[in-house]
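In case it helps, the working numbering puts the sequence shown at residues -15 to 124. Just so you know, even glycine gets a beta-carbon here, dropped at the ideal spot from N, CA and C. Quantities reported herein were computed from a predicted structural model and do not represent experimental measurements. Shown next, in structure tokens, is the structure this report addresses.
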Amino acid sequence: KYTGGVTFPQEDSRRPNFLFQPKNIDDSLAVVDAAKNIGQARGNTAAQVAIRWILQQSGVTSALVGAKRPSQVEDNLGSNGWELSEDELQLLNKISQQVHDRRAITVPENLMLWEAVPDPFSESTRRQIRQQYLQSRVVS
-15 KYTGGVTFPQ EDSRRPNFLF QPKNIDDSLA VVDAAKNIGQ ARGNTAAQVA IRWILQQSGV
45 TSALVGAKRP SQVEDNLGSN GWELSEDELQ LLNKISQQVH DRRAITVPEN LMLWEAVPDP
105 FSESTRRQIR QQYLQSRVVS
């Protein structure tokens, strides 16, 4: 749907999201491009590949997807009944991890989660939780 160099208006709800900021959109779209390429090679859509990728992650039991049109629901259902190869999973995980690593380097102290709610924890507990969160983002 989007290509490199896209910018969103100030009032667009995606604008503040790290993944959609002008300096990061091309990196984020690299994951989309990989899903498109895998899908084309397999005869699936990028959306089907993305849903299948999520469902094949360790510990994931369901994926929440949205659709505005019945055709999108039908397309989403095409993510059932097949699996990505180990090589395909590794490629998508690697590209995605690069985006997440950049985020960790770019905004480690500005995670909106920590600013959005009153903080019931001590400073040392917050540091410990943040460290656990950042470690959980690393794919081995």
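Does the ligand ZN have a heavy atom nearer than 7 Å to the CB of residue i?
i, result
"Tyr117", "Because no ligand of any kind appears in the structure shown, any question about the ligand ZN cannot be addressed here."
What is the rounded straight-line gap between the Cα of residue i and the Cα of residue j?
i, j, result
"Asn8", "Asn64", "31 Å"
"Arg176", "Leu118", "This structure leaves residue 176 out entirely; the chain is present only between -15 and 124."
"Met96", "Gln82", "Since pLDDT at Met96 reaches only 47, below the 50 mark, its modelled position is unreliable, and the value read off the structure follows with that caveat. Met96 and Gln82: Cα-Cα distance of roughly 20 Å."
"Gly43", "Arg(-1)", "30 Å"
"Gly27", "Ile38", "18 Å"
"Glu(-5)", "Asn1", "12 Å"
"Asp85", "Thr109", "23 Å"
"Lys20", "Gln116", "33 Å"
"Ile79", "Asp10", "12 Å"
Secondary structure at residue i, three-state DSSP: helix, strand or coil?
i, result
"Asn77", "helix"
"Glu107", "helix"
"Ala47", "coil"
"Pro(-7)", "coil"
"Glu67", "coil"
"Gly23", "helix"
"Pro0", "coil"
"Gln40", "coil"
"Asn8", "coil"
"Asn28", "coil"
"Leu118", "helix"
Let me check understanding here. Comparing Cα to Cα, which of the options lies closest to residue i?
i, options, result
"Ala14", "Gln56, Asn77, Ile38", "Asn77"
"Thr(-9)", "Gln5, Ser(-3), Asn1", "Gln5"
"Ser46", "Asn60, Lys52, Pro54", "Asn60"
Assuming residue i and residue j are in contact, meaning their beta carbons sit under 8 Å apart, how far apart are those beta carbons, in whole angstroms?
i, j, result
"Trp66", "Arg36", "7 Å"
"Ala18", "Leu75", "6 Å"
Could you tell me whether the Cβ atoms of residue i and residue j are closer together than 8 Å?
i, j, result
"Asp32", "Gly62", "One detail in the question is off: residue 32 reads as Gln in this sequence, not Asp. Yes; because the gap between Cβ atoms is below 8 Å, this pair is in contact."
"Ala25", "Val16", "no"
"Ile22", "Glu72", "yes"
"Ser12", "Leu3", "yes"
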